[in-house]
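Right, one structure below, let's go through it.
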Amino acid sequence: MLKLIKYLEKYKLETRLSPLFKLIEASFELMVPMVVASIIDVGIARSDKIFILNKGLILCALSISGLIFSIIGQYYAAKASVGFGMELRNAIFKHINELSIRDLQLLGNDTLINRVIGDTTQVQTGVNLFFRLVLRSPFIVLGALIMAFSISTRQSLIFVGVIGILSLIIYFVMKGILKRNTTVKTNLDLVLSRADENLSGARVLRAFLRTDEEKKEFKVFTDRLFDSQMKVGELDAILNPVTLLIVNLAIILILYKGAFDVYAGRLSAGHVVALVNYMSQILVELIKLVQLVILLSKASTCAKRIDEIFATKTSIEYGNEIFDTGLKKGDDLLVFENVSFAYPDKKSTLENISFSMKKGENIGIIGVTGSGKSTLARLIVRFYDIDSGNIRLCSKNIKSYSKEALLNFVGMAEQQIHLFKGSIKDNIAWGKAADKEVLEKSVEAAQAKDIIKSKAQGYDTLLEEGGKNLSGGQRQRLSIARALYHKPKLLILDDVSSALDYITELNLRKSLESIEDMNFIIISQRVSSIMNLDKIIVIDEGNIAAIGSHKELLEKSQLYKEICSTQLAQEG
């Protein structure tokens with residue numbers, strides 16, 4: 019948790035003022051029992067109403083002053099903790115966005131969301147309570163002990179014993195809670211993951227009547243979470259009763275011994291009442307300390323989970339090269355040299371992939387499902403880094419380019435389309451200021467003009483998250499328009515025309531061919547989408563089965579011939 023202190027850097031003043039004001043409040047509270055003692059020993063014993071009234075006014079002044087300082091202290095604690103939470107969440111979000119796709123998949127989306135929201139809130143709450151109690155509670159416990167010694171050394175030994183016993187109990191309970199909290203957080207991640215999976219796949223679950231089975235399986239995960247939370251709750255529940263029992267036994271002992279001391283003249287009645295009050299103060303503050311320790315133990319577990327995110331460094335490093343804009347037609351634009359790649363914990367997805375793409379050349383990639391077509395595209399934009407081999411863009415290693423240079427040069431529309439909640443205009447111009455002329459050209463080239471015309475608000479039409487208020491074909495065309503808006507030199511379309519009719523797809527390809535100084539790669543399972551391109555690459559189980567034009571492949575590739583005969587026969 020100490021590693022996260024740096025996020026309080028902007029709130030140094032608040033972190034000092036909050037404990038200070040709470041300390042002053044505690045000082046006023048320690049004065050109260052002695053004032054009460056004087057009222058009993060002097061005012062009541064002598065029936066001096068003026069003395070009682072004066073001391074009563076002092077008690078009121080101490081209470082009001084304590085309240086004011088307490089409110090100020092809690093204000094600064096709240097300001098520091100909320101600011102800390104904001105800085106921490108911003109830092110986590112920034113760090114997550116610097117990680118590669120592979121890194122994010124290894125961490126897991128559900129646990130990341132839980133850590134960004136749930137864990138940071140837990141740590142923020144711990145910081146708030148820490149500043150309120152870090153000086154106040156120990157000061158009152160120590161102060162009450164010193165005041166007890168000033169009244170009676172014999173009676174103060176009871177205080178020492180109580181504080182020692184409770185400290186040991188707190189230590190062992192905290193140790194147990196800290197260990198069990200780790201299990202709670204792990205089980206919570208599993209529940210969130212299962213819930214997210216069920217919500218995102220709700221239509222499939224209902225279509226295949228799987229809802230009852232999923233309810234049973236989900237209950238297994240929630241039962242595990244419940245059991246782990248109950249184990250933490252059992253330890254938590256022990257503390258208050260045990261603390262109350264020990265302190266109340268101590269109060270009984272003080273009253274018992276105090277009666278003999280009063281009778282023997284060693285203590286006054288007021289002093290006995292003061293000792294009881296100081297023991298009560300210790301009780302209250304120890305309970306607060308217990309709550310603080312429990313909360314900090316939970317916050318510590320959460321802080322470790324947050325530290326794991328920061329400890330994950332991006333597996334992809336970028337260079338600082340920019341692209342050569344002076345390439346001529348026929349120069350190498352993209353070259354794969356013996357490229358191999360495998361996803362984590364999986365066998366090789368691509369093996370020894372080698373091919374070249376010239377400037378002015380448009381290529382297609384085809385293969386059966388799971389052959390590695392999309393993976394190849396993701397390597398070009400460095401969503402993942404290759405395991406071996408070399409990828410060159412404009413004659414330079416792809417790793418030498420800066421992130422901005424690479425993603426401005428290469429545009430991509432993936433088969434898993436994600437449109438964001440907002441206007442059509444904002445979704446197309448994503449990341450850039452909206453330029454009306456560029457916007458209209460991109461929409462027209464993507465064959466999406468009819469979408470805009472069909473909407474009453476045109477470009478200002480609001481989309482639901484994921485573009486749920488659009489059809490599949492509409493989402494695909496807007497995704498292509500978004501990629502075109504950024505004017506890439508190399509455009510990759512990864513199976514984003516599967517929901518388009520053949521005429522729209524043909525018009526799309528023609529419009530792409532008419533865009534000056536841009537080459538494109540079309541990845542598709544439909545022969546009709548790529549058969550007229552300059553070069554076609556056939557992928558089979560992670561290997562290149564054949565390369566050539568449509569005519570050449572019909573002669574030399576049995577796999578391509580089978581795909582063509584099946585699809586073209588059906589289309590015919």
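Numbering (my numbering) for the sequence shown: 19 to 590. Glycine included, C-beta positions come from ideal geometry on N, C-alpha and C.
Item: Indicate the three-state DSSP secondary structure (helix, strand or coil) for Gly407 in the structure shown.; Value: strand
Item: With the cut-off set at 8 Å, would you say Leu147 and Pro37 are in Cβ contact?; Value: no
Item: With DSSP as the reference, identify every bridge partner of Lys414, one or two as the case may be.; Value: Leu411
Item: Let me confirm a value: Cys412 is counted as buried when at least 16 other C-beta atoms fall within 10 Å, else exposed. Which label applies?; Value: buried
Item: Going by DSSP, what residues sit across from Asp350 in a beta bridge?; Value: Lys376
Item: To the nearest angstrom, report how far apart Gly476 and Leu208 are at their CA atoms.; Value: 42 Å
Item: In three-state terms, what does DSSP make of Val399?; Value: coil
Item: Please report the distance separating the alpha-carbon of Ile86 from that of Val399.; Value: 59 Å
Item: Rounded to whole angstroms, what's the CA-CA distance from Ile256 to Ser318? Just pull it up for me.; Value: 21 Å
Item: Give the single residue among Thr129, Phe102, His113 and Leu117 whose Cα lies nearest to the Cα of Thr17.; Value: Past the boundaries of the shown model lies residue 17; the chain is included only from 19 to 590, so the question cannot be answered.
Item: To the nearest angstrom, how far is it from the Cα of Val291 to the Cα of Ile312?; Value: 32 Å
Item: CA-CA distance, Asp342 and Glu232?; Value: 54 Å
Item: Checking the sheet assignment: what are the DSSP bridge partners for Leu511?; Value: Ala431 and Ile540
Item: Is there contact here, the stretch 189-198 with the stretch 235-255, by at least three beta-carbon pairs under 8 Å?; Value: yes
Item: Compute the distance between the beta-carbons of Ala95 and Arg150, then report whether it is under 8 Å.; Value: yes
Item: Can you give me the C-alpha to C-alpha distance between Ile57 and Ala287, rounded to a whole angstrom?; Value: 11 Å
Item: Quick one: give me the first and last residue of the beta strand (DSSP E) that Val556 is part of.; Value: Lys553 to Asp558
Item: On the criterion of 16 or more Cβ atoms from any shown chain inside 10 Å, does Asp137 qualify as buried, or is it exposed?; Value: buried
Item: How far does the beta strand (DSSP E) with Ala452 in it reach, from first residue to last?; Value: Per DSSP, Ala452 belongs to no beta strand (DSSP E) and is neither H nor E.
Item: Classify Pro362 as buried or exposed, calling it buried when 16 or more other Cβ atoms lie within 10 Å of its own Cβ.; Value: exposed
Item: Determine contact between the stretch 316-333 and the stretch 113-122, defined as no fewer than three beta-carbon pairs at a distance below 8 Å.; Value: yes
Item: Please report how far the alpha carbon of Glu303 lies from the alpha carbon of Asn426, in whole angstroms.; Value: 60 Å
Item: Determine the direct distance from the alpha carbon of Ile270 to that of Gln173, and round the result to whole angstroms.; Value: 12 Å
Item: In angstroms with no decimal places, state the Cα-to-Cα distance between Gln91 and Val50.; Value: The amino acid at residue 91 is misidentified as Gln; the sequence shows Gly. Distance between the alpha carbons of Gly91 and Val50: 20 Å.
Item: Flag this pair as touching only if the stretch 496-516 and the stretch 445-457 have three or more C-beta atom pairs under 8 Å; answer yes or no.; Value: yes
Item: Between the Cα of Met375 and the Cα atoms of Thr387, Asp405, Asp444 and Ile409, which residue gives the shortest distance?; Value: Ile409
Item: Where does the unbroken beta strand (DSSP E) through Gly476 begin, and where does it stop?; Value: Careful: Gly476 lies outside any beta strand (DSSP E) and carries neither H nor E.
Item: Using a Cβ-Cβ cutoff of less than 8 Å, which residues in the same chain neighbour Val514 once the five nearest sequence positions on both sides are dropped?; Value: Ala431, Glu432, Gln433, Ile435, Gln494, Ser497 and Ile498
Item: What does the alpha-carbon distance come out to for the pair Gly590 and Gly566?; Value: Residue placement at Gly590 is flagged as unreliable, the pLDDT there being 44, under the threshold of 50; the coordinate-derived value follows with that caveat. Rounded to whole angstroms, Gly590 to Gly566 spans 24 Å at the Cα level.
Item: With DSSP collapsed to three states, give me the class of Glu215.; Value: helix
Item: Tell me the DSSP secondary structure of Leu35 in three-state form.; Value: helix
Item: Tell me whether Leu488 sits in a helix, a strand or coil according to DSSP, three-state version.; Value: coil
Item: Between the Cα of Asp405 and those of Phe354, Lys443 and Glu379, spot the shortest distance and give me the residue it belongs to.; Value: Phe354
Item: Can you tell me whether DSSP reads Gly61 as helix, strand or coil?; Value: helix
Item: What is the rounded straight-line gap between the Cα of Thr522 and the Cα of Gln465?; Value: 7 Å
Item: Buried or exposed for Arg527, please, with buried defined as at least 16 other CB atoms from any protein chain shown within 10 angstroms of its CB.; Value: buried
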